[in-house]
Every structure is written in structure tokens, then in C-alpha cells.
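**Q** The structure is given below, and queries will be raised subsequently.
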Ligand SMILES: [Zn+2]
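Residue numbers (my numbering): 9 to 328.
Here you go:
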């Protein structure tokens, strides 16, 4: 755990170091007069300082981890709070997760619109160590497709311009918390921005021919990618993975897909027999979209590339 500079009154990050403040409190009430206890405290303090070598970034989801890793390189550690198979909409935090949140120097999450289960735990931690991506300035939002949901699509990392915004916010935070390595964080950011912009241009070109090909997604989580690359999403099976679609909605979905659908996308952890049967009946291609990069994306760029490949495979005349 990184200890922020307690003497610098200008930084509100110093609030994160309340662990050390407790030691000082104990000393001031006389515990230090006991020889064994003072030795014990000295050992604890030395262990604490040995463990504070690198800042620790804890991100809620794998895509945010992938973005963070581009900035930290090997000078800071990045860990993901949620297991790969957990739902990013609804996850019961364990006691150990609360400890991990406390130990982290920087916490990166989308916001209560997505990981609502983090809202309360984060409210009890210093706000200065948290980056809420949903609230970052200049975030890009998809053009509204369906019109009846007023909340903005929180799967914001699927727009490469937003990944850059998240990376910039993390760089600023790390440069402040770990000033000795600020130049390296900024150099990592510059490289990431260049690479993302290059890939974005490449994908704009490769996805352009698919602009008029209709499809449906499993849950409403791909609007950022769909909108940014001008793809033609007709509908979704369900709004969030936890909701079961009603008969009326399934009927509308069937009509839209029968009329101009080419492909139906499922997800690695959301497979639904009725959706498969619908695709078979309407002779649609079946595809898989992996918004979280759980199926082997080792970098953020790979996550984007795999997303583009899934669309290309399913919307072209090939079967996945
Ligand atoms: Zn989702």
C-alpha cells in the first residue's frame, strides 16, 4: 500500500493513510511505554513500509484493468476486483473484497450505473483515490437507439475514445500519488493513445462495409461500439443479463430479425436456449460478443480487435 505524503496539506490524498495515523494515536495514549508492544509496533511499521513498494490500482472489471495496465507497465500493480465469470451488473462483494478496496491506492470503476454493488463500499473510502469513469468530462455516449431508456449505456470502454479518457484520468491520479514515476506514466499514456487511435482508424475502415447489416445483441451492452462504428443494431434480447425478456419483447425481436436480421449475438456467460432456437428458426448467423474480454484478450487493443472480428464474422456471409 502506498502512503501519501502526510505533511503536504495541499493533497487530500493524505486521507488514504489513516492506517498509519492509528499507530500514532496508540503511541500518544501511552502504549509505546511498554517495551514489547513498542517492539511489536516497530515490526509492524517496518512490514508496512516494505509492502509499499508499488502503488496498487484496483479496477472493478477486466476491461478497465486492461486499460490500467497500459499506463502502469511494471511500475504499479493492477488487480481486478470481479472474477471473470461474475456478472458486471450484480455481484455480491465478499469480506475479502472490502479489504482489497481498502488496500488499493487507486480504485477504478465505471460508476453506480453499472457496478451498483460498489456504491456503498466506495462511499466509505476516500473519494480522492477513486476514479469514476462514468463521470469523467468529455465522455462520449452512443446515439440513442431505442428511446425508452434514459440512463446512458455504462459499457463505456467499448468506445476507444473513452478508453483514452479513462487512461488520462488514471495517469493524472498516478502521477500525483507516485510522483517519482510521473514521467513514465505519461510516456506510457502517450504510447497507448497512439496505438488506440491507429487501431480505431483501422477498424473504422474494416467495419464500414457492415453498416447496413442488421443484428441483435444478447444484452444491451454494446451501444458504444455499435454507435462509434456505425453498425446496425435492431434490438437486444434482454436489457441486462439478470432480466428475463417478456413475451411481448421476444415477439418484437422476432419480427425485426425476420425482416432484416442477419445475425444474433450471444455472450460467453449468457447463453439462452430460446435465443439459439430463434436464430435457427430465422436462419440467422450466431455470434459471440465478449464485452469484458474474458475469452483471452490480453490487452485492451485485443479486446477491441476481437469485438470487431466477431462483428465481421457474423455480419458477413461466414458462420462463426
Ligand atoms: Zn452489461
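Think of the CB as a built atom: it goes at the ideal place given N, C-alpha and C, for glycine as much as any other residue.
In three-state terms, what does DSSP make of residue 37?
**A** Residue placement at residue 37 is flagged as unreliable, the pLDDT there being 42, under the threshold of 50; the coordinate-derived value follows with that caveat. Correct three-state label for residue 37: coil.
**Q** Please indicate yes or no: does the CB of residue 301 lie closer than 6 angstroms to some heavy atom of ligand 1?
**A** Residue 301 Cβ: outside cutoff for every heavy atom of ligand 1.
**Q** Measuring from the CB of residue 229, is there a heavy atom of ligand 1 at a distance below 6 angstroms?
**A** Yes, since a heavy atom of ligand 1 falls inside the 6 angstroms radius drawn around the Cβ of residue 229.
**Q** Considering residue 191, what are the terminal residues of the alpha helix (DSSP H) in which it resides?
**A** Per DSSP, residue 191 belongs to the alpha helix (DSSP H) from 190-215.
**Q** Are there 16 or more other CB atoms within 10 angstroms of the CB of residue 181, so buried, or fewer, so exposed?
**A** With 16 or more other Cβ atoms within 10 Å, it is buried.
**Q** Roughly how many angstroms separate the alpha carbons of residue 130 and residue 90, rounded to a whole number?
**A** Between residue 130 and residue 90, the C-alpha separation is close to 15 angstroms.
**Q** Nearest to residue 95 by CA position, among 81, 70, 83 and 110, is which residue?
**A** Answer by Cα proximity: 70.
**Q** If we ignore side chains and look at the alpha-carbon of each, how far apart do residue 1 and residue 234 end up?
**A** Summary: the structure shown does not reach residue 1, with the chain confined to residues 9 through 328, and so no result is reported for it.
**Q** For residue 62, which residues from the same chain have a beta carbon less than 6 angstroms from its beta carbon, with the 5 sequence-adjacent residues on both sides left out?
**A** Cβ neighbours of residue 62 beyond the five flanking positions: 84 and 85.
**Q** Is residue 227 buried or exposed, if buried means 16 or more other CB atoms sit within 10 Å of its CB?
**A** It is buried - the Cβ of residue 227 has at least 16 other Cβ atoms within 10 Å.
**Q** Indicate the three-state DSSP secondary structure (helix, strand or coil) for residue 74 in the structure shown.
**A** Reduced to three states, the DSSP call for residue 74 is helix.
**Q** Excluding five sequence neighbours on each side, which residues of the same chain lie with their C-beta closer than 6 angstroms to the C-beta of residue 305?
**A** So the list reads 311 and 314, once near-sequence residues are dropped.
**Q** Taking the alpha carbon of residue 75 as the reference point, which residue from 255, 128 and 170 has its own alpha carbon closest?
**A** When only C-alpha atoms are compared, the closest one is 170.
**Q** Buried or exposed, going by whether 16 or more other CB atoms sit within 10 Å of the CB of residue 204?
**A** Buried: at least 16 other Cβ atoms inside 10 Å.
**Q** For residue 246, does the three-state DSSP call read helix, strand or coil?
**A** It is a strand residue.
**Q** Residue 170 lies in the alpha helix (DSSP H); which residues open and close that run?
**A** First-last of the alpha helix (DSSP H) with residue 170: 168-185.
**Q** Does the beta-carbon of residue 217 have 16 or more other beta-carbons within 10 angstroms, so that it is buried, or is it exposed?
**A** Label assigned to residue 217: exposed.
**Q** Buried or exposed: residue 199, going by 16 or more other Cβ atoms within 10 Å of its Cβ?
**A** It is exposed - the Cβ of residue 199 has fewer than 16 other Cβ atoms within 10 Å.
**Q** I believe residue 161 touches residue 168 by the beta-carbon criterion, under 8 angstroms. Please report the beta-carbon distance rounded to the nearest angstrom.
**A** Going by Cβ atoms, the distance from residue 161 to residue 168 rounds to 15 angstroms, so no, they are not a contact pair.
**Q** So within the region 219-307, which uninterrupted beta strand (DSSP E) runs reach at least 3 residues, ignoring any that extend past its ends?
**A** Taking only runs of at least 3 residues, the beta strand (DSSP E) segments lying wholly in the region 219-307 are 222-227, 240-246, 269-274 and 293-296.
**Q** Can you tell me whether residue 88 is helix, strand or coil according to DSSP?
**A** It is a strand residue.
**Q** Is residue 30 helix, strand or coil by DSSP?
**A** Legend: pLDDT at residue 30 = 35, less than 50; position of this residue unreliable, value from coordinates given subsequently. Of the three classes helix, strand and coil, the one that applies to residue 30 here is helix, per DSSP.
**Q** Return the CA-CA distance between residue 123 and residue 309, expressed in angstroms with no decimal places.
**A** So the alpha carbons of these two residues sit roughly 23 angstroms apart.
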